[in-house]
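Worksheet: one structure, shown below.
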Amino acid sequence: MPKQTLMKNSPFHQFVAAFTVTLTGFSSAALTDNFDTYPNGGTGWAAGWVESETNGTPAGNARVDGSLLTTSPLNGGGSYLSVTTAVQSTTMGIRRNMGSTAASPYTLTFDWRLDSSMSNFTHYNDRIHIGATSGTGAADFGSNLSFAWLIGVVGADDTANSNPFNDGEWYFYNNQSTTANGAFNTNNMTMTGIQLAQDVIYSFTVTVDPTAQTYRVIMTDGTATFDSASVVPGGMNFRNQVNAGSTASTLVFGGATNSTADQLTWSLDNLNIIPEPSSAFLAALSGLLCFVRRRIVH
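Residue 299 is where the sequence shown ends in this note's numbering, and the numbering goes up by one at each step.
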C-alpha cells in the first residue's frame, strides 16, 4: 500500500500542532525573577517574596530589609535584590512559594553574592542557608528539619563538637539515612572546596527530583567549579526523607549572625526555575508521535 502524505494545513495536522503546543505549555511553565520590582516581580509566581520579621534575639525584634539596587550588578547589569538581616537570628531570610512547579523535577539557577564583611562571619552561628522547605511558619526562614535540598556555609567549627567541615566553605547537604527525620548531622555535609568571600559572585545550578528526593548542584565562583555529581553520582539525598512524596515548595534564602552587633548583607539576581518534562507529558507526546507516524505510513 502506498504511503499517504498528510497535507501540512490539514485538520489533522492542525490538531497535532495544537495538541503538541498545549502539552508543551503544561511542561515548560517557568518561574523567573530578575528583580526589576520587589517583592512581587518576575513571572509565573502565585505570590511575592515574604520577609522574616518576627523571629530573633531579642524575641520579636528581628528584621529583614530587602531593597532593589543598581550600584553593583550581578552578571548582566540592571537591578538586583539586596537583603540585610538587622538583628541576630537563626530564622532570618526571604522566601517565595514555587507552587505546583516544585511537585515535578525542576532546575533552579541564580546568582548570589555576600556584601557584608567576612570579619563578621567567624562563628559557628554565622551561617548562610539556601534551599527548599515544606514549612511556611515564622520559623521556616532558617535551616530546619522541614528542608528538602540544602546549600550552606558555616563560619567556624562548633567548639563543643569535632566537625568534618572547613570554616567558611560552601557545602551541600547529603542525607546518608533514608529514614532520618531531617535533624542536622555534620557528617552529611558534602564540602565543595569553594570558600565564601566578600564581593564574589557565586552562580548555582540546582537540579531537583522531588519524587526520588534527590538533587544535584553545580556551582562556580568564576574561577573554581564544583559539581556534586563528581562525589555523589546518583544525586544527593534530601535532608528530610520521612515524608516521602511530600513537596518542598517554598524557596528560601536565609542567613544568621552570632552577634546582635553584626549585620549580614547579601545580593540575589537572575533567578530562574525551569520545570523538566514530566513523565505524563513524555508519555502523551510519545503516544501522539506514534499515532502520527502510523497515519503517515499506512
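Cβ coordinates follow ideal geometry from the N, Cα and C atoms, glycine included.
Please state whether the Cβ-Cβ distance between residue i and residue j is less than 7 Å.
i      : j      : result
Val65  : Ser80  : no
Asn175 : Asn238 : yes
Phe111 : Phe205 : yes
Asp222 : Tyr203 : yes
Trp171 : Val155 : no
Val218 : Leu109 : no
Gly169 : Gln199 : no
Tyr107 : Val209 : yes
Thr102 : Pro276 : yes
Phe173 : Thr187 : no
Ser120 : Leu265 : no
With distance defined between alpha-carbon atoms, name the residue in the options nearest to residue i.
i      : options                           : result
Leu82  : Ala103, Thr110 and Asp37          : Asp37
Ala48  : Trp267, Ser250, Ile152 and Asp158 : Ser250
Arg96  : Asn271, Gly143 and Pro211         : Gly143
Val84  : Leu115, Tyr107 and Pro106         : Leu115
Thr134 : Ser118, Asn121, Leu151 and Ser120 : Leu151
Gly183 : Met93, Phe148, Asp158 and Pro234  : Phe148
Leu75  : Val201, Thr86 and Ala157          : Val201
Gly236 : Leu252, Val253 and Ala213         : Ala213
Ser268 : Thr102, Arg240 and Asn35          : Asn35
Pro234 : Thr215, Ile131, Gln242 and Met220 : Thr215
Gly94  : Val232, Gly132 and Gly100         : Gly132
Val232 : Pro211, Ser178, Asn189 and Ile274 : Asn189
Ala31  : Gly78, Asn41, Met99 and Thr72     : Met99
Asp158 : Gly43, Ser73 and Phe122           : Phe122
Arg240 : Asp263, Met220 and Ser178         : Ser178
Trp113 : Met220, Pro211 and Thr72          : Met220
Gly77  : Gly138, Asp270 and Asn41          : Asp270
Please check the pair residue i and residue j, which I expect to be a contact at CB under 8 Å, by giving their CB distance rounded to whole angstroms.
i      : j      : result
Thr248 : Ala104 : 5 Å
Thr86  : Leu272 : Actually they are not in contact, since the Cβ atoms of Thr86 and Leu272 sit about 19 Å apart, beyond 8 Å.
Tyr39  : Leu70  : Between Leu70 and Tyr39 the Cβ distance is about 10 Å, and since that is not below 8 Å, they are no contact.
Gly67  : Trp50  : 7 Å
Gly194 : Ala225 : 7 Å
When you compare the region 256-266 with the region 126-137, are there three or more beta-carbon pairs, one atom per stretch, that lie closer than 8 Å? yes
Any alpha helix (DSSP H) of 4 or more consecutive residues that is wholly inside the region 162-247: none
Considering only residues of the region 248-276, which uninterrupted beta strand (DSSP E) runs meet the minimum length of 3 residues and lie entirely inside it, listed in chain order? 251-257 and 265-276
Can you check the region 29-57 for any beta strand (DSSP E) of at least 3 residues that lies completely inside it and give the ranges in chain order? 32-34
Identify every run of the beta strand (DSSP E) within the region 69-126, keeping only runs that are complete inside it and at least 3 residues long; order them along the chain. 81-86, 93-98 and 107-115
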